[in-house]
Structure formats: C-alpha cells, structure tokens
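Notes to accompany the following structure.
Residue numbers (this note's numbering): 23 to 248.
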C-alpha cells in the first residue's frame with residue numbers, strides 16, 4: 023500500500039536552518055475538515071508544510087475508484103514535487119481534520135535554492151528514499167496476497183496513529199472505514215469486508231467506539247511475512 027507515514031515528504035528531513043529559510047516567511051493556510059486543498063490537475067504553484075491536522079493524498083480513476091496514496095500529519099510536506107518541476111498536481115489532497123498549513127511558493131523555493139545549493143544535495147538523498155519507499159509498495163502489491171495487504175495497511179496505521187491500551191492491544195486513534203482501508207490497500211471493499219469479518223471472528227481485530235483495534239499485532243504481522 024502507499025506509505026501512511028505522517029512525516030513523509032521530501033523536505034521533512036531537511037536540516038533546521040534550511041527548513042527555516044524555506045518556511046520562515048511562509049503563508050499560513052487554514053483548512054476545515056473535509057475541505058479540499060487541491061485537486062489532481064490543478065496548477066502546481068508551491069508546497070505546504072502541515073503544522074497541525076491530518077491530510078489525505080489520493081488519486082481517482084476514470085471509473086471513480088479512489089486510491090489513497092498516503093495519510094500525512096504534522097511535519098509532513100505535501101505538494102513538494104511541484105516546486106521541483108512546476109507541473110500540475112498529480113494527486114488530490116483533502117483535510118481529514120481541521121488543519122493548519124504553511125505555504126511556500128515555487129518562486130520562494132527557487133530563490134532559496136540559488137542562494138543555498140546544498141538544498142539540492144538534500145533533495146537528492148530524500149528523493150532516493152522516496153524511490154525506495156515506492157519500491158516497497160510495488161513489492162507489497164506484487165507479492166502480498168489480499169490478506170497481507172490489509173494487514174500491512176492496519177499495521178502501518180497502527181504504527182503512526184496507534185495507542186497501546188494494554189494487554190498487547192493497539193487502538194488506531196483515527197477513524198477509517200472499510201472503503202478507506204480498501205483504497206489504501208488497493209483492493210475491493212468487498213474483500214476488505216470479508217477479511218475483517220474473519221479476523222473479528224478469530225479475535226485478531228475489533229472495533230472500539232468506531233476505531234479499529236489490533237488485538238494481536240503478531241498474528242497480523244505473520245500475514246505480511248513473504
């Protein structure tokens with residue numbers, strides 16, 4: 023599945039002084055829950071750093087099927103490729119919660135890069151990391167069975183949004199529906215429904231007040247061991 027790391031982004035690991043140069047005079051942007059930041063095909067005029075909240079990055083096929091590429095939280099950068107190539111947005115971004123962002127224009131990025139060419143060195147390293155993440159996604163989708171892809175989705179969500187509630191149980195403190203899980207795993211919702219129903223019977227997964235709870239992380243981990 024796509025990465026759900028809430029700090030994924032080409033600029034997230036920049037040294038503090040470079041990050042300060044880029045975002046020190048950035049424009050604040052406020053999004054309410056379910057508000058669209060931009061759509062695929064919109065002009066790529068800059069990038070945003072998430073200060074507070076949660077954003078969903080996704081693509082929609084011609085048939086209307088959604089594929090969630092990532093869930094991003096505070097510290098992450100969204101839309102960063104636009105400051106490198108200036109091309110239209112390749113994906114759509116929606117706020118899952120009320121969110122506060124900082125916007126940096128492509129012109130501002132170009133200005134900083136001219137004065138501080140070491141910025142490009144960091145981008146090369148970070149781009150290589152992004153490619154490795156993409157390779158991991160391709161491997162998962164190529165070799166993991168459906169159950170493994172759902173397990174991987176839940177485990178990644180638990181890693182970044184999970185709360186240990188004792189006895190080895192982990193609650194994912196962000197509400198996701200079966201359609202969301204299907205869009206993250208890249209499989210049909212009907213398959214997610216069937217797999218979750220089986221895991222609930224076997225007490226591997228439960229729901230607590232609308233949140234998914236991993237009752238046995240180790241057994242879910244076995245589903246993704248290739």
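Glycine included, each C-beta is placed from N, C-alpha and C at the ideal position.
None of the values given here were measured: they were computed from a predicted structure.
- Residue 154 sits exposed, since fewer than 16 C-beta atoms from the chains shown fall within 10 Å of its C-beta.
- When C-beta atoms of the stretch 134-141 are compared with those of the stretch 207-224, fewer than three pairs fall below 8 Å, so the two segments do not count as touching.
- Assignment of residue 164 by DSSP, reduced to helix, strand and coil, places it in the helix class.
- Look at residue 85 here: in three-state DSSP terms it is coil, with no helix or strand label.
- The beta carbon of residue 58 lies closer than 6 Å to those of 116 in the same chain, with the five residues before and after it left out.
- Secondary structure within the stretch 97-140: the alpha helix (DSSP H) runs of 4 or more consecutive residues, fully enclosed, are 103-107, 128-137 (chain order).
- Partner residues in a beta bridge of residue 197, as assigned by DSSP, do not exist.
- Sequence-distant partners of residue 73 (beyond 5 residues in either direction) whose C-beta falls short of 7 Å from its own C-beta, in its chain, are 96, 122, 123, 124.
- Counted as a single uninterrupted DSSP element, the stretch harbouring residue 245 is not any beta strand (DSSP E), since DSSP gives it neither H nor E.
- Taking residue 174 as reference, the option from 71, 77, 247, 94 with the minimal CA-CA separation is 247.
- The count of Cβ pairs closer than 8 Å, one atom from the stretch 210-228 and one from the stretch 148-167, stays below three, leaving the stretches out of contact.
- Here residue 78 is buried. Its C-beta has 16 or more other C-beta atoms within 10 Å.
- For residue 222, the enclosing alpha helix (DSSP H) has its first and last residue at 211-223.
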